[in-house]
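Protein chains in written order, with the numbering used here: chain Z, 239 to 545; chain B, 239 to 545; chain F, 239 to 545; chain V, 239 to 545.
Note that CB positions come from ideal geometry on N, CA and C, so glycine has one too.
Quantities reported herein were computed from a predicted structural model and do not represent experimental measurements.
Everything on this sheet refers to the single structure shown next.
4 protein chains.
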Amino acid sequence: MHSIAYLGPAGTFAEAAARQLPEVAGGADLRPVASVPAALEAVREGMTDGALVPLENSVEGSVNTTLDELATGEHLLIRREVITPVTFDFLALEGRHLGDVRTVATHPHAAAQCRRWLRSVELDTAVRLTSSTADAAASVAKGEFDAAIAAPLAADQYGLVAVARDIGDARHAVTRFVLIGRPTGPEERTGADRTSLVAYIAEDHSGALMEVLNEFAVRGVNLTRIESRPTGERLGRYCFFLDCEGHIADARVGEALSGLFRVCSEVRYLGSYPRADHVAPQQRPGTTDADFSAAADWLRGLRSDGR
Amino acid sequence: MHSIAYLGPAGTFAEAAARQLPEVAGGADLRPVASVPAALEAVREGMTDGALVPLENSVEGSVNTTLDELATGEHLLIRREVITPVTFDFLALEGRHLGDVRTVATHPHAAAQCRRWLRSVELDTAVRLTSSTADAAASVAKGEFDAAIAAPLAADQYGLVAVARDIGDARHAVTRFVLIGRPTGPEERTGADRTSLVAYIAEDHSGALMEVLNEFAVRGVNLTRIESRPTGERLGRYCFFLDCEGHIADARVGEALSGLFRVCSEVRYLGSYPRADHVAPQQRPGTTDADFSAAADWLRGLRSDGR
Amino acid sequence: MHSIAYLGPAGTFAEAAARQLPEVAGGADLRPVASVPAALEAVREGMTDGALVPLENSVEGSVNTTLDELATGEHLLIRREVITPVTFDFLALEGRHLGDVRTVATHPHAAAQCRRWLRSVELDTAVRLTSSTADAAASVAKGEFDAAIAAPLAADQYGLVAVARDIGDARHAVTRFVLIGRPTGPEERTGADRTSLVAYIAEDHSGALMEVLNEFAVRGVNLTRIESRPTGERLGRYCFFLDCEGHIADARVGEALSGLFRVCSEVRYLGSYPRADHVAPQQRPGTTDADFSAAADWLRGLRSDGR
Amino acid sequence: MHSIAYLGPAGTFAEAAARQLPEVAGGADLRPVASVPAALEAVREGMTDGALVPLENSVEGSVNTTLDELATGEHLLIRREVITPVTFDFLALEGRHLGDVRTVATHPHAAAQCRRWLRSVELDTAVRLTSSTADAAASVAKGEFDAAIAAPLAADQYGLVAVARDIGDARHAVTRFVLIGRPTGPEERTGADRTSLVAYIAEDHSGALMEVLNEFAVRGVNLTRIESRPTGERLGRYCFFLDCEGHIADARVGEALSGLFRVCSEVRYLGSYPRADHVAPQQRPGTTDADFSAAADWLRGLRSDGR
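Next up, the structure:
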């Protein structure tokens, strides 16, 4: 990839994550864009080769915009994942004290992740929302608000100081970013891969989700994430974002996906890519590629000459 | 209930929903509060008898703050649900045209639900976030922003006019509000009830979710909603918000909940209450209260004298 | 097939069943043999092209000798099934009355199927076992025993008369015979086929049978019969004789069998053949050959160019 | 129990098994009876307190007569199980050699279990069936047949010698006998118990057996045996004889049985009794009596005051 868009402005967690990409180390340009939809549109239209966008956070859960943008429109694929720690600092102009603060600017997700701390300092009703934590810092620098909740690296960037550090409610919070690209030829298999997809349940019957899960279970494919999202049609209609262990080139993953394709009204493949944690799957006996291959040979024999 | 808090300010969808409550028709006072946490805290501390808060939207999905507040802290119960249509108007001061608009104020959820329309009029990067759609309308009235995306009823309230109407991306969008109260004695059973709970998976093994779903399936209890939320500990650890058909007083629901209690690390009961759509459950043969009672009699006979 | 062995002697139900075979109508010779093992050995050694042997009876259940002979030794295949009604007559020499009878000869299965009647006439302890119902009739003709329980057609053959007719405990009893042959090239698919096999559970864990059944269920393949048999190693170790709807050439049956092959310690295929009742399978949506083929195309696309 | 009937005549494996019963050691009389139905009828009519009958054999499988007699008629219960090794000797009059033998008397089950040996000495077509192995030995003593396959203890009893010893095809073959009694008050729980029952599937749908197995699996109750038997109505209609770990007084077993009662057309309880092998069940977390009791307390709280 020659150019990669990320959710800007500069100074957000997204930039920190983007700097970890081997593609960037390899010389790809980084460009900030204003929103997730804008980032993905830039990929779809060929303005950029990739886009790094947040997919989920260990505290706040999924980033709905990203999910919804991946689930609709022209197909895009996840090519890589990056998991970065998220810590929030409480930033203000030099000399400002906590007791002076009347307004606190931040992004809604950051506000949500610092809810308990904000309540403890009686600032929960002082929050003013901005479209990014970097914007919040910028607006404090401009004097529009008294303080910002933002990434530590925003302090330097906007000439602020940390009045309080690491104020997030959860220790060890992380955000999982994904690098999105256009569909492409056979993807590299590392042996410690993840596969993502969206499944739309065919019929509105109870038990349909169990059937979907069973397509994975029966082939020994572990799920690492399940996330329901409304389809927008009406309450009670969901699609499911699923991450599973393994690569689409794996026999068991391929057969599970084919099974899904047959029982679901729609399946959208979102890519196979290396796991950021390099954890290789625990494979149940009978589910390796060699096992599938032996079974196929056996079946071929039975079909051709009865043994 | 004598007093009911709702997510204010006045002029939001929440107020419209609250006005549909029989408790309000029966004389309960309505009071706006600044946030969902504040509303639930008011109930917990006995400052109000109930709080009407949004739980999920047919387009945007769950309201995470509500889920997280119900899942932690002192136990509260859902006592009632209200489902209201959601339509968005594009409001501005009299005389303003679409072409003049540089900034659009609105709540993040409203922005998300009007994403496509905003892009079509090239205003997707003009959005400024406010903490409610009513706040957005108010800030336009004060001249802080050019236009607001808000509920139709906010126009009158803040002296604005609709430049465009019903601009939401999804037709027939609805929001499901729930009336929250403190735990209380046996709840009324109407025959068309819903039961809500949060289940924490005991072990981090693949298939754990299937086990949870199976506890319902084996007793013929249909699920109407499943929503995963991170527990905040780390990526890949979820709890599940589940809604099922039926009432905790139903034998099949009680046995399913007991089964959950045994296989989960924690189950938090969130209440049984009448369904807003009055749909009675379709019951599989062998799962009525009479069936459970006959089985219990049979078992008692076997245990006491072997037949 | 030019020659077909059947479980003799002449005058048994097996001969009646054999006469229904299209192969016999087409000119194949019929030869009685002394036992099921002898019949199957004759096929294995090429002394005969086929053998018609009983597999199960609607009252007595499976014929263990047949199951055990099919499950071990050189592979043989079921080529056809024949279902024939079974009625028993109580035969004696002319002039003999029920009150005179002190000994009743018959085959153990026939004795079992007439248990209730025998008790009602107080002859349950008078039974003497013979190796076939025809032998029983022959021995009565020779004066060795007073009466025989045998097929109606044995009366003429051995010069006996029916003292009582249709004395079986169950109305409408039938026996299912199967025509066994050596393994052979691709088998004809009629659209109303059955497939038989023996599955040996890999691990001795509870739930292993559910896993086996699930391999069929997940591909929408209905089972028409399940029969456990001890493996002979020790109590609690079973293999399972399974009949399912469909033909090994069907995509869903092939994938189910491959799945079994992977999870079982051994699977022995026993053939695909036309159902005697000509009932075509009810196929769940998503499980036709066309559905499997569409899923395979989709997967191929994803694997080669990501969409 | 004061008197116990067993499947005679004296000198069979059944007598050997009966002598192991603590009831016999405690002074109960043993009486041989002619058949399993006669033995169970004697219990039903109060002529004897108990009957020891064979239930299954590690080689030949279930004893169908016993299953069918337990499944119909007035209810009886299994009170105890005894597992005894089964070895067969080839008995003849003193001075007789294998080469001289033209006829071999034995019971059909014994013939089946010595099939391979009989073929190896070319005596497979020499078999003549008798109603017990003791009868076979007696008939050889009387000179009616040349040799008998029988229990070793029959040699002394009938004045025969062993021409060949331990000729059964399977090493370590065992037969499981059960002591049957009339239904009675609460049964002793030892902590290493087994529970037996017959389940009739309600609907003839594929997957019905999986539902039945699931009622056990979901409550963590392991099955130790599953045996299908035709109901006698028509091919393809089965009932299932199931043995599970645990005692009917166990909470998980009781709930599983109640579940079966609700989904099956009929369930016949056949008793809870100590396992002959004294193996205690491996219990999954969440399935002990204490777990069930804690869940019941929790549910009671929710139902009465909402928490």
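request  = Pull out every residue of the segment 448-475 of chain V whose Cβ sits closer than 7 angstroms to any Cβ of chain B, in chain order.
outcome  = Asn452, Glu453 and Val456
request  = Name, please, each residue of chain V whose Cβ falls closer than 7 angstroms to the Cβ of arginine 513 of chain F.
outcome  = For the purposes of this step, residue 513 of chain F is taken as the residue at position 275 of the third sequence. The premise fails here: arginine 513 of chain F is roughly 11 angstroms from chain V at the closest Cβ pair, so nothing lies under 7 angstroms.
query = Below 8 angstroms between beta carbons: does that hold for glycine 484 of chain Z and proline 519 of chain Z?
reply = Residue mapping note: residue 484 of chain Z aligns to position 246 of the first sequence, counting from 1. Residue mapping note: residue 519 of chain Z aligns to position 281 of the first sequence, counting from 1. Cβ atoms of glycine 484 of chain Z and proline 519 of chain Z: closer than 8 angstroms.
query = Which value, in whole angstroms, describes the spacing of the CA atoms of valine 501 of chain V and arginine 490 of chain Z?
reply = Here residue 501 of chain V refers to the residue found at position 263 of the fourth sequence. Here residue 490 of chain Z refers to the residue found at position 252 of the first sequence. About 34 angstroms.
task = Closer than 8 angstroms by C-beta to aspartate 267 of chain B: which residues in its own chain qualify, once you throw out the five before and the five after it? Chain order, please.
result = Start at 1 with the first residue of the second sequence, and residue 267 of chain B comes out as number 29. Once the five neighbours on either side are set aside, the close Cβ partners of aspartate 267 of chain B are His240, Ser241 and Ile242.
key: Where histidine 313 of chain F meets chain Z, residues with beta-carbon distance less than 9 angstroms   = The sequence position of residue 313 of chain F within the third sequence is 75, counting from 1. By Cβ distance, chain Z contributes Gly544 and Arg545.
key: Under 9 angstroms from the C-beta of aspartate 529 of chain F: neighbouring residues of chain Z   = By 1-based counting over the third sequence, the position of residue 529 of chain F is 291. What aspartate 529 of chain F touches in chain Z: Phe499 and Arg500.
For leucine 398 of chain F and leucine 331 of chain F, believed in contact at Cβ under 8 angstroms, the rounded distance = Within the third sequence, residue 331 of chain F is the residue found at index 93, counting from 1. Within the third sequence, residue 398 of chain F is the residue found at index 160, counting from 1. Approximately 6 angstroms separates the beta-carbon atoms of leucine 331 of chain F and leucine 398 of chain F; this is inside 8 angstroms, confirming the contact.
inquiry  = If you follow the beta strand (DSSP E) that aspartate 535 of chain B is in, where does it begin and where does it stop?
reply    = Locating residue 535 of chain B in the second sequence gives position 297, counting from the first residue. Where aspartate 535 of chain B is concerned, there is no enclosing beta strand (DSSP E), although the alpha helix (DSSP H) it sits in stretches over 527-543.
ask   = If you compare alpha carbons, which of F:Pro390, F:Thr368, F:Asp394 and F:Arg403 is closest to glutamate 382 of chain F?
value = Against the third sequence, residue 382 of chain F aligns to sequence position 144. Selected option, being the one with the closest Cα: F:Thr368.
ask   = In this structure, does DSSP put aspartate 362 of chain Z in helix, strand or coil?
value = Along the first sequence, read from residue 1 onward, the residue named residue 362 of chain Z stands at position 124. In this structure, aspartate 362 of chain Z counts as coil in the three-state DSSP scheme.
key: 8 angstroms Cβ cut-off: residues of chain B touching glycine 337 of chain V   = Position 99 of the fourth sequence, counting from 1, holds the residue named residue 337 of chain V. By Cβ distance, chain B contributes nothing, its closest Cβ being about 56 angstroms from glycine 337 of chain V, past 8 angstroms.
query = Do we get a CB-CB distance below 8 angstroms when we pair isoleucine 405 of chain Z with the residues of chain B?
reply = In the first sequence, residue 405 of chain Z corresponds to position 167, counting from 1. With 8 angstroms as the cut-off, isoleucine 405 of chain Z does not count as an interface residue toward chain B.
request  = Answer yes if the segment 416-430 of chain B comes into contact with the segment 491-498 of chain B, meaning at least three C-beta pairs across the two stretches below 8 angstroms, and no otherwise.
outcome  = no
Inter-residue spacing [alpha-carbon to alpha-carbon] between alanine 528 of chain Z and arginine 318 of chain V = The residue labelled residue 528 of chain Z in the question sits at position 290 within the first sequence. The residue labelled residue 318 of chain V in the question sits at position 80 within the fourth sequence. Between alanine 528 of chain Z and arginine 318 of chain V, the C-alpha separation is close to 48 angstroms.
Proximity winner among Z:Leu293, Z:Pro323, Z:Gly265 and Z:Pro424, relative to alanine 309 of chain Z (alpha-carbon distances) = What you label residue 309 of chain Z is simply residue 71 of the first sequence in a count that begins at 1. Measuring from the Cα of alanine 309 of chain Z, the nearest candidate turns out to be Z:Leu293.
task = Could you check what DSSP says for serine 296 of chain Z in three-state terms: helix, strand or coil?
result = Residue mapping note: residue 296 of chain Z aligns to position 58 of the first sequence, counting from 1. Residue state, collapsed to three classes: coil.
query = In three-state terms, what does DSSP make of threonine 462 of chain Z?
reply = Counting from one through the first sequence, the residue named residue 462 of chain Z turns up at place 224. Of the three classes helix, strand and coil, the one that applies to threonine 462 of chain Z here is strand, per DSSP.
query = Hey, is threonine 368 of chain F's beta-carbon within less than 8 angstroms of any beta-carbon in chain V?
reply = Stepping through the third sequence from its first residue, residue 368 of chain F is reached at position 130. Taking 8 angstroms as the threshold, the shortest C-beta distance from threonine 368 of chain F to chain V falls below it.
task = Starting from the Cα of glycine 497 of chain Z, find the closest Cα among F:Thr469, F:Phe454 and F:Leu461 and give me that residue.
result = The residue labelled residue 497 of chain Z in the question sits at position 259 within the first sequence. Closest option to glycine 497 of chain Z, Cα to Cα, is F:Phe454.
ask   = Would DSSP call aspartate 394 of chain F helix, strand or coil?
value = Numbered from its first residue, the third sequence carries residue 394 of chain F at position 156. Helix.
task = Report the three-state DSSP secondary structure of valine 320 of chain B (helix, strand or coil).
result = Translated into the one-based positions of the second sequence, residue 320 of chain B becomes position 82. Here valine 320 of chain B sits in strand by DSSP.
request  = Check the Cβ-Cβ distances between isoleucine 418 of chain Z and every residue of chain B, and say whether any is below 8 angstroms.
outcome  = Here residue 418 of chain Z is taken as the residue at index 180 of the first sequence, counted from 1. Taking Cβ atoms only, chain B never reaches closer than 8 angstroms to isoleucine 418 of chain Z, which makes this a no.
ask   = Near leucine 417 of chain V, which residues of its chain fall below 6 angstroms by C-beta distance, leaving aside the five closest residues on each side in sequence?
value = Residue mapping note: residue 417 of chain V aligns to position 179 of the fourth sequence, counting from 1. Within the same chain, leucine 417 of chain V has close Cβ partners Gly288, Leu290, Arg317 and Arg318.
task = Confirm, please, whether the CB-CB distance from arginine 414 of chain Z to threonine 462 of chain Z is below 8 angstroms.
result = By 1-based counting over the first sequence, the position of residue 462 of chain Z is 224. By 1-based counting over the first sequence, the position of residue 414 of chain Z is 176. In this structure, threonine 462 of chain Z keeps its C-beta atom at 8 angstroms or more from the C-beta atom of arginine 414 of chain Z.
For proline 247 of chain B, the first and last residue of its enclosing beta strand (DSSP E) = For the purposes of this step, residue 247 of chain B is taken as the residue at position 9 of the second sequence. It is not in any beta strand (DSSP E) - proline 247 of chain B carries neither H nor E in the DSSP assignment.
query = For aspartate 306 of chain Z, which of helix, strand or coil comes out of DSSP?
reply = In the first sequence, residue 306 of chain Z corresponds to position 68, counting from 1. Here aspartate 306 of chain Z sits in helix by DSSP.
key: Segment contact flag, the segment 463-480 of chain Z with the segment 336-344 of chain Z, C-beta cutoff 8 angstroms, min 3 pairs   = These segments do not touch.
query = When burial is assigned at 16 or more other CB atoms within 10 Å of the CB, is glutamate 504 of chain F buried or exposed?
reply = Your numbering for residue 504 of chain F matches position 266 in the third sequence. Looking at its Cβ environment, which holds fewer than 16 other Cβ atoms inside 10 Å, glutamate 504 of chain F is exposed.
query = Taking C-alpha atoms, which residue in F:Met285, F:Arg506 and F:Leu537 lies nearest to serine 510 of chain Z?
reply = As a working note, residue 510 of chain Z is residue 272 in the first sequence. Nearest option by C-alpha distance: F:Leu537.
Valine 501 of chain F (DSSP reduced to helix, strand or coil) = As a first step, residue 501 of chain F must be located in the third sequence, where it is residue number 263. Three-state result, valine 501 of chain F: helix.
inquiry  = Would arginine 353 of chain B pass as an interface residue toward chain Z - the criterion being a Cβ-Cβ separation below 8 angstroms?
reply    = Translated into positions along the second sequence, residue 353 of chain B becomes position 115. Closer than 8 angstroms to some Cβ of chain Z, the Cβ of arginine 353 of chain B qualifies, so yes.
ask   = Relative to chain V, which residues along the segment 314-336 of chain F have a C-beta separation below 8 angstroms, given in chain order?
value = For chain V, the residues of the segment 314-336 of chain F that bring a beta carbon within less than 8 angstroms of one of its beta carbons are Ile321, in chain order.
message = In this structure, how does DSSP classify valine 378 of chain F when only helix, strand and coil are distinguished?
response = Looking up residue 378 of chain F in the third sequence gives position 140. Valine 378 of chain F: helix per DSSP, three-state reduction.
ask   = In the DSSP assignment, what are the bridge partners of glutamate 483 of chain F?
value = Numbered from 1 along the third sequence, position 245 holds the residue referred to as residue 483 of chain F. F:Arg432.
inquiry  = Please report whether the beta-carbon of histidine 410 of chain Z lies at a distance below 8 angstroms from any beta-carbon of chain B.
reply    = Within the first sequence, numbered from 1, the residue matching residue 410 of chain Z stands at position 172. Yes - at least one Cβ of chain B is within 8 angstroms of the one on histidine 410 of chain Z.
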